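My numbering applies: residue 25 is where the sequence shown begins, and numbers increase by one.
All C-beta atoms, glycine included, are put in the ideal place defined by N, C-alpha and C.
On a predicted model such as this, the values are computed, not experimentally measured, just so you know.
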Amino acid sequence: MKEMLSDGMGKEEFLGEILNYNPHADVKKIGAAYDFAKAAHAGQRRESGQDFFLHVRECAYLVATMKLDTDAICAALLHDILEDTKTKEETVERLFGNEVLRLVQGVTKEINNKAIQHYRAENIRKVLLATAKDVRVIVIKLADRLHNMRTLKYLPLQTQKEIAKETLEIYVPIAYKLGMYRIKSELEDLCLKHLQPEIYQQLKKRVAKKKAKREEEVNRIIKAVRKVLGEAGIEAKVYGRAKNFYSIYKKMMRKGLEFEDIKDLSAVRIIVKNSEECYKALNAIHSKWQPVTEKFDDYIKNPKPNLYQSLHTEVVFNKKPVEVQIRTREMHHVAEEGIAAHWQYKDTARDKKFDRRIAWLKQILDWRSAETAHELVESFKIDIFKDEIYVVTPKGDPIPLPEKSTPVDFAYAVHTEIGNQCKSAKVNGSIQPLNYELKSGDVVEILTTKNSKPSRQWLNFAKTSFAREKIRKALGIKAESVRRARDITATNDISSKEKMPLKLQKCCYIRYGDDITGQKTKDAISIHSARCDVAKGIPEERKVKLEWKQQESRKHLEIELKDRTGIFADILGTLTSDDIKINSVDTKAAKHNLRLILEISSENEQLAKTLPKLKQVTLA
């Protein structure tokens, strides 16, 4: 793939490039869109002084390289036409059809006189909502953003940083979620280049300095791997894969390493004919070199929610760890292009499993349509960074969920009514409580009854914003009253090793902090005050030791820090890994710094342990 088209490329040569990637493209329709866009943008210039039309032509080329269809390529050529020319919507629809118009509308920014941050938030919201209806919108937007990032140097320095920050917080995670690793990696490196220019240049020089030695080592590994696979009768393509600058930078920050300490700047990739040969290749590699057991992941049997499939392993070669990835040609294409790759393999628009693959976006957006644009974008930043698991329906459909999700979250992810009528759940064939913590690969079946309805208690353990909002709606509770109820429930929470429901008994008045004891019954544990006469008569074999959890309270936390690439994600990751609930996040500019304002829920003891970690993150 050409990184960028030459400025002097003509229409026929451009259409030839399109056919290289999409032999079935309607070049007559694309040619008409080309001519129309060129005429409409005539005389317009970008900040670089370049003809504006070259930008939309470049976006269309990028969309074509991702194997999208004719309408998407036309929409990419026309994506700025409603915003930057006098062209009317009805003209686009008459000339190119309703499908092209819808895609153009999805990408078009709204013109208004609002403050710049609100303006950007409104436009991000518009793109996200349009993407939930047609994922081609975000693919066109990613192409637009990639070309803008490639030419960012012509804008004022502060604008460069603002756009790079927005790209890193919104568009990079979206590219990752959609499995578009090629786009993601280039965007990450461009963001690092503009947000941390000194670090970027240092990394670039150091990587270049080690290039010859690294290539020599990788070539030795490739030669040895080819020999092993050949002896096993496996036909394969084997090559080295260099890590991008941003992933190296992130590893240095995360582990506190110097550049010289990073040993895995490269990895080896093996491409074979089919899934069966993937496992044969894995066996051959493991038979020759010692595998690092904890570094093995089977993403073929357990694909990531973003469609990614591959075998990952690490082996010891000449006393050094070497990362190896094994996949088929089709898996490789999906790994590089993600969701965009599926246009050449199937009719994605009518593929129900494909719809499930972008369920994370629909779930995030579904109940937030009434929020302000700023609130939606901020909450989207939080939700999109959550680590995912995937669980499976009895029919074999994968459902992506955040880590620590429960059967209640799963039920609502499948369908709102299944959530509302949920009575109990089977996990891997066994009945489990509704607050059971699901793991990747679990097969979950929800048992429903028409008379069932959500319980307020579900709000204490449901993890997804989508599930909690649907529970509130079913119970007729506003978000603010739920927050108050949760605070009260937290003070009445009791911890126990017993996996049984807990019931407060009416025979004794129990207050938070009282000495308590439990009595095991057939289907629950009854809770009594230690002073209660009933409690004194409980047989020893039926007594259960209970204790109160430390009261969780809402706290206001402000952190003033120097802005750096990834600082937002690092702080959120530190809090969530310590089980501290984040209720809201806001940012404000301070003198030469950034102020992060958080509303959190946490036990005092846990927060005391987390604060030193936050200090380390902000100083990194």
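Among Glu571, Ile551, Ala554 and Thr545, which one has its Cα closest to the Cα of Glu565? Measuring from the Cα of Glu565, the nearest candidate turns out to be Thr545.
Counting C-beta neighbours from all protein chains within 10 Å, is the total for Ser30 16 or more, i.e. buried, or is it exposed? Ser30 is exposed by the Cβ-count criterion.
So Lys91 and Asn122 are in contact, right, with Cβ under 8 Å, and what is the actual spacing, rounded? Contact annotation, Lys91 with Asn122: C-beta distance approximately 23 Å; criterion of less than 8 Å not satisfied.
From which residue to which residue does the alpha helix (DSSP H) around Tyr200 run? Residues Val196 to Lys201.
Measure how close the beta-carbons of Thr472 and Ile442 come, nearest whole angstrom, since I'm counting them as under 8 Å. Contact flag correct, Cβ pair sits at about 6 Å.
Does the distance from the CB of Glu107 to the CB of Leu125 come in under 9 Å? Between Glu107 and Leu125, the CB-CB gap reaches or exceeds 9 Å.
Please tell me whether Gln349 and Arg293 are closer than 9 Å, where the distance is taken between their beta carbons. Arg293 sits close to Gln349, with the two beta carbons spaced by under 9 Å.
Can you tell me where the beta strand (DSSP E) with Leu620 in it begins and where it stops? If you look at Leu620, you'll find it in the beta strand (DSSP E) that goes Asn617 to Ser626.
Using DSSP's beta-bridge definition, name the partner residues of Gln456. According to DSSP, Gln456 shares a beta bridge with Ala449.
Hey, how far is the Cα of Phe120 from the Cα of Glu37? Cα-Cα distance, rounded: 22 Å.
For Arg206, I'd like the list of residues in its chain whose CB is within less than 6 Å of its CB, leaving aside the five on either flank, ordered along the chain. Around Arg206: Glu360.
Looking at the secondary structure, which residues open and close the alpha helix (DSSP H) in which Arg265 lies? Arg265 -> not in any alpha helix (DSSP H); beta strand (DSSP E) instead, spanning Lys261 to Ala266.
Taking buried to mean at least 16 other C-beta atoms within 10 Å of its own C-beta, is Lys195 buried or exposed? Here residue 195 turns out to be Tyr, not Lys, going by the sequence shown. Burial check for Tyr195: the Cβ neighbour count within 10 Å reaches 16 or more, so the residue is buried.
My output table needs one value for Val348: the three-state DSSP class, helix, strand or coil. In the structure shown, Val348 falls within a strand segment according to DSSP collapsed to helix, strand and coil.
Beta-carbon separation of Leu599 and Ile591 under 9 Å? It is not a contact, given that the beta carbons lie outside the stated cut-off.
CB Tyr273 to CB Ile223, shorter than 9 Å? Yes, Cβ-Cβ distance for Tyr273 and Ile223 is below 9 Å.
For Asp539, name the three-state secondary structure that DSSP assigns. In this structure, Asp539 counts as coil in the three-state DSSP scheme.
Give me the Cα-Cα distance between Leu166 and Met355, rounded to the nearest whole angstrom. Going by the C-alpha atoms only, they are around 22 Å apart.
Simplified DSSP state of Thr488, which is helix, strand or coil: Thr488: coil per DSSP, three-state reduction.
With 16 as the cutoff for other CB atoms within 10 Å, does Gly32 come out buried or exposed? Label assigned to Gly32: exposed.
Does the stretch 307 to 322 come close enough to the stretch 251 to 259 that 3 or more CB-CB pairs lie under 8 Å? Under the three-pair Cβ rule at 8 Å, the stretch 251 to 259 counts as touching the stretch 307 to 322.
Reducing DSSP to helix, strand and coil, say where Tyr332 ends up. Look at Tyr332 here: in three-state DSSP terms it is coil, with no helix or strand label.
Suppose you measure from the CA of Lys217 to the CA of Gln225; what does that come to, to the nearest Å? Taking the straight line from one Cα to the other gives about 8 Å.
Residue from Phe76, Arg160, Lys110 and Arg70 with nearest C-alpha to Ile97: Between Ile97 and the set Phe76, Arg160, Lys110 and Arg70, the nearest pair of CA atoms involves Arg160.
How about Thr175 and Arg70: are their beta carbons less than 9 Å apart? One thing to note: Thr175 has its Cβ within 9 Å of the Cβ of Arg70.
Asp321 versus Thr337 - alpha carbon distance: Using only the alpha carbons, I get a separation of about 7 Å.
From this set, Ala256, Gly40 and Leu631, which residue's C-alpha is nearest Ala305's C-alpha? The residue with the shortest Cα to Cα distance from Ala305 is Ala256.
Considering only their Cβ atoms, is the gap separating Val231 from Ala266 smaller than 9 Å? It is a contact, given that the beta carbons lie within the stated cut-off.
How would you label Ile455, buried or exposed, when you count the other beta carbons within 10 angstroms and need 16 or more for buried? It is exposed - the Cβ of Ile455 has fewer than 16 other Cβ atoms within 10 Å.
Between the alpha carbons of Ala188 and Ser479, how many angstroms are there, rounded? Straight-line spacing of the CA atoms in Ala188 and Ser479 works out to 44 Å.
Residue range of the unbroken alpha helix (DSSP H) whose run includes Glu212: Counting along the chain, the alpha helix (DSSP H) containing Glu212 begins and ends at Tyr205 to Leu219.
Mapping the DSSP letters down to three states, classify Ala291 as helix, strand or coil. In this structure, Ala291 counts as strand in the three-state DSSP scheme.
Coil, strand or helix - Tyr323 by DSSP: Tyr323 falls in the coil class under three-state DSSP.
If you draw a straight line from the alpha carbon of Leu202 to that of Pro563, how long is it in whole angstroms? Each residue's alpha carbon lies about 58 Å from the other.
Give me the DSSP bridge partner(s) of Asp75. Arg69, per the DSSP bridge assignment.
DSSP beta-bridge partners for Phe120? DSSP output for Phe120 lists no bridge partner at all.
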